[in-house]
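In our numbering, the protein residues as written are 121 to 177.
Here the structure is laid out as structure tokens; the discussion comes afterwards.
Following this line, the structure appears as structure tokens:
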């Protein structure tokens, strides 16, 4: 993973973890990958009982 990509993943992780904590969620993983000529940011989260679509909105 290039340094810039690692920095983006680290920054997003640091910013979103406190928000997830307040929502009772756990940050599982953050990916920033090139796919089909575009950059895609994926954020994986979980919590007991699972996460609903409304939780993501």
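We treat Cβ as the ideally placed atom computed from N, Cα and C, and that holds for glycine.
Predicted model, so just to flag it, every value in this text is computed and none were measured.
The continuous stretches of alpha helix (DSSP H) do not include residue 171, and DSSP gives it neither H nor E.
Note on geometry: alpha-carbon atoms of residue 124 and residue 168 lie some 33 Å from one another.
The Cβ atoms of residue 132 and residue 161 sit closer than 8 Å to each other. Scanning its chain for C-beta atoms nearer than 7 Å, with the 5 sequence neighbours on each side dropped, one finds around residue 128 the residues 152, in chain order.
Non-local C-beta neighbours of residue 142 in its own chain, meaning closer than 6 Å and more than five positions away in sequence, are absent.
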